[in-house]
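In the numbering used here, the protein residues as written are 3 to 121.
All C-beta atoms, glycine included, are put in the ideal place defined by N, C-alpha and C.
See below for the structure under consideration.
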Amino acid sequence: MNTISLAFSSTRKLLQANNMNKYLIVVKDFADSECLSRRLSVRQRHMEGAKIIKQNQVLDIGGAILDESQDDKMSGSFLIVNADSVEDVRTLLKNDIYGQSRVWDVENAQITKIKVAPL
């Protein structure tokens with residue numbers, strides 16, 4: 003079991019209560035020259051963790067932010083997640099392998115509570 007699933011092992015119970023908030027997260031990568039290498043070296047583990055939190059209905063959608071000025075180099079991530087609080091979201095980010103490997107600049111992540119339109 004990875005750190006993401008450990009951090010949110012009680013997620014299913016919380017979701018059953020049906021009172022989770024949705025958050026839009028924009029988290030940039032660190033700007034140092036080695037960051038892309040760190041990202042790529044742990045990407046598989048990140049994707050495995052993302053699949054788990056998607057199955058547990060914590061993650062709605064997510065993906066990479068691309069830097070057009072640098073040939074679409076990955077430079078961050080966006081996510082929409084279900085969580086009780088901003089603190090829970092920050093814990094999720096810190097426990098992700100990207101947070102642990104100094105890929106994401108978690109301290110400066112933009113975390114915004116949202117409501118999705120029922121389209």
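Can you check which of these residues, the options, is closest to residue i by C-alpha distance?
{"i": "A52", "options": "V105, D98, V28", "result": "D98"}
{"i": "A33", "options": "G78, Q102, I116", "result": "G78"}
{"i": "N110", "options": "N21, N23, V29", "result": "V29"}
{"i": "R104", "options": "Y25, S35, M76, R40", "result": "R40"}
{"i": "I63", "options": "L26, E70, K96", "result": "L26"}
{"i": "Q72", "options": "S35, E89, E50, G65", "result": "S35"}
{"i": "T114", "options": "V91, D69, P120", "result": "V91"}
{"i": "K24", "options": "A66, D69, Q46, Q59", "result": "Q59"}
{"i": "A66", "options": "R45, E50, P120", "result": "R45"}
Excluding the 5 residues flanking residue i on each side, which residues of the same chain have their C-beta closer than 7 Å to its C-beta?
{"i": "L61", "result": "A52, I55, L81, V83"}
From the DSSP output, read off the bridge partner residues of residue i.
{"i": "K30", "result": "G78"}
So that I know if they touch, is there some Cβ in chain C lying closer than 9 Å to that of residue i?
{"i": "K75", "result": "Considering every chain present, this structure includes no chain C. It has just one protein chain."}
Apart from the five residues just before and just after residue i, which ones in its own chain have a Cβ nearer than 6 Å to its Cβ?
{"i": "Y100", "result": "H48, W106"}
{"i": "V108", "result": "L95, K96, G101"}
{"i": "V88", "result": "I113"}
In chain order, what residues of the same chain lie with their CB nearer than 8 Å to the CB of residue i, ignoring the 5 residues before and after it?
{"i": "L1", "result": "For residue 1 there is no data in the structure shown, the boundaries of the chain being 3 and 121."}
- Item | 3-residue-minimum beta strand (DSSP E) runs that sit fully inside the segment 54-112, ordered along the chain | 61-69, 75-85
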